[in-house]
Amino acid sequence: MEISYVLLGSNMGDRTSILEEARNMIETRCGKIIKMSSLYESEPWGFDAEQNFINQAICVETDLSAHELLRELLSIEIELGRDRSRHYETYVSRPIDLDVIYYGEMINDDEDLILPHPRLQLRRFVLEPLCEIASDFVHPVLKKTNIELRDVCPDTSDVSLYKGK
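Numbering follows the working numbering, with no gaps: position 90 of the sequence shown is 90.
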């Protein structure tokens, strides 16, 4: 069994219901969710959109390999309405986004999967929920805790606890 941290995000449709459905599918198909952060609302990163994102970090205990986990998460995204039929030049709104942030202390860099997530230290919407459930986890490449990464994160976008509709 391995511990993996996954970030969930949604900025289309009934965002909280989509995140709940994604968590249920992850628990059924990927492994036991042993920790989950609060919901956070954040501005879209890298593009403008009508609706803000709701993000959540979860910790999953899985017996899937990192690549198997990624494949399952991509399958869940498609089932929940994410269109991955074409590559976009820029970021776009989406009903669901599931990213493997860490897979234990694994370092991987191939065409399918880069671990740890290559931009996590640049994104406050990743670091805020991640710090809630894994503040002292040490990034295996940068050798800093998630709290240390958050404290020097250059991203100044607004990320706050989601207060509901």
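From the three backbone atoms N, C-alpha and C, an ideal C-beta is built for every residue, glycine too.
Counted within 10 angstroms of its Cβ, other Cβ atoms place Val152 as buried (16 or more) or exposed: For the purposes of this step, residue 152 is taken as residue 152 along the sequence shown, with counting starting at 1. So Val152 counts as exposed.
Distance CB(Ile96)-CB(Gly81) smaller than 9 Å: As a working mapping, residue 96 is identified with position 96 in the sequence shown. As a working mapping, residue 81 is identified with position 81 in the sequence shown. In this structure, Gly81 lies closer than 9 Å to Ile96 by Cβ.
Same chain, Cβ closer than 6 Å to Glu128, five either side skipped, listed in chain order: What you label residue 128 is simply residue 128 of the sequence shown in a count that begins at 1. Excluding residues within five positions, the ones whose Cβ falls inside 6 Å are Tyr40, Val159.
Three-way DSSP call (helix, strand, coil) for Glu79 in this model: Taking the sequence shown and counting its residues from 1, one reaches residue 79 at position 79. In this structure, Glu79 counts as helix in the three-state DSSP scheme.
Rounded distance between the beta-carbons of Asn108 and Ile114, thought under 8 Å: For the purposes of this step, residue 114 is identified with residue 114 of the sequence shown, where counting begins at 1. For the purposes of this step, residue 108 is identified with residue 108 of the sequence shown, where counting begins at 1. Going by Cβ atoms, the distance from Ile114 to Asn108 rounds to 7 Å, so yes, they are a contact pair.
Alpha helix (DSSP H) segments (min. 4 residues) lying fully within the stretch 3 to 51: 15 to 29
Rounded separation between Gly9 and Lys144 - CA only: Walking along the sequence shown from the start, residue 9 turns up at place 9. Walking along the sequence shown from the start, residue 144 turns up at place 144. Between Gly9 and Lys144, the C-alpha separation is close to 24 Å.
Integer Cβ distance of Tyr162 from Ile54, believed to fall under 8 Å: Against the sequence shown, residue 162 aligns to sequence position 162. Against the sequence shown, residue 54 aligns to sequence position 54. Their Cβ separation, rounded to whole angstroms, is 5 Å, which keeps Tyr162 and Ile54 in contact under 8 Å.
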